[in-house]
Amino acid sequence: GAGVSQSPSNKVTEKGKDVELRCDPISGHTALYWYRQSLGQGLEFLIYFQGNSAPDKSGLPSDRFSAERTGGSVSTLTIQRTQQEDSAVYLCASTRDRGDPLQYFGPGTRLTVT
Amino acid sequence: DQQVKQNSPSLSVQEGRISILNCDYTNSMFDYFLWYKKYPAEGPTFLISISSIKDKNEDGRFTVFLNKSAKHLSLHIVPSQPGDSAVYFCAASVVGSQGNLIFGKGTKLSVKP
């Protein structure tokens, strides 16, 4: 079956512009996570969705970041007024359900803010 | 404050020898640990995991050891192969919580033919 997919694979944007990153989780997986990996760093948790529950936004670095998940499936991460420090690889992962520690990752979106 | 630490950013090993990647953690609530492998331009792929009720888990050439008293785990790869060259991430979680993984910064393994 299909794994987690993300689009675009690469995005170059000018400072101050808004960007949208998309994640398609594995079909049937109820939990979805966004992480980002900055250069030389580990993966940093951003936001978590479980079914129709309110998302856990505790990892979002600023109010310029937001995410939604429509119909319990596809998720979009939006970064408004991008800054150069937002440059990173943004990774999406999904799991069968809440508390299942085995996460399956997508290939990521490499965001470059110039 | 890093809860999961991989203190070696890189490791170089000769093909056929053993690779040992180390990971330390500070949060005693962690009860599940995973190793992920990442190639350039790809997402991390799950490699092997261990529950805190065990001290060893083996899967083919890969073995993970857990020392809870020392809050330390290690991944052994034997024999190492050139295709094992990648970045290896250690991750920890609390089972039953929301499940987000806490990652180390990774160790880049190079296996030389």
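Taken in sequence, the protein lines are chains D and X.
Each number in our numbering comes from the position in the first sequence (counting from 1) with 27 added on.
No gaps in the numbering here: position 58 of the second sequence is 51 in our numbering, and each next residue is one more.
Even glycine gets a Cβ: it sits at the ideal position worked out from N, Cα and C.
All figures in this text were calculated on a predicted structure; none of them were measured in a lab.
Checking 9 Å against the spacing of the C-beta atoms, do Leu87 of chain D and Leu118 of chain D come in under that value?
No. Outside cutoff.
Taking 9 Å as the CB-CB cut-off, is Ile95 of chain X touching chain D?
Chain D, which has a Cβ nearer than 9 Å to the Cβ of Ile95 of chain X, makes this yes.
Quick one: grab the DSSP three-state call for Gln64 of chain D.
Strand.
Distance check for Ile74 of chain D and Gly55 of chain D, CA to CA, integer angstroms please.
Answer to the nearest angstrom: the Cα atoms are 19 Å apart.
Does the CB of Glu71 of chain D have a neighbour CB from chain X at under 9 Å?
Chain X, which has a Cβ nearer than 9 Å to the Cβ of Glu71 of chain D, makes this yes.
Let me check understanding here. Comparing Cα to Cα, which of D:Glu41, D:Gln33, D:Phe72 and D:Arg63 lies closest to Ile95 of chain X?
Among D:Glu41, D:Gln33, D:Phe72 and D:Arg63, the Cα nearest to that of Ile95 of chain X is on D:Phe72.
Classify Tyr32 of chain X: buried if its beta carbon has 16 or more other beta carbons within 10 angstroms, exposed otherwise.
Exposed.
For Val46 of chain D and Val104 of chain X, I'd like the C-alpha separation in whole angstroms.
One C-alpha to the other measures close to 38 Å.
Ignore the nearest five residues each way along the sequence and tell me which others in Gly43 of chain D's own chain have a CB closer than 6 Å to its CB.
Excluding residues within five positions, the ones whose Cβ falls inside 6 Å are Arg108.
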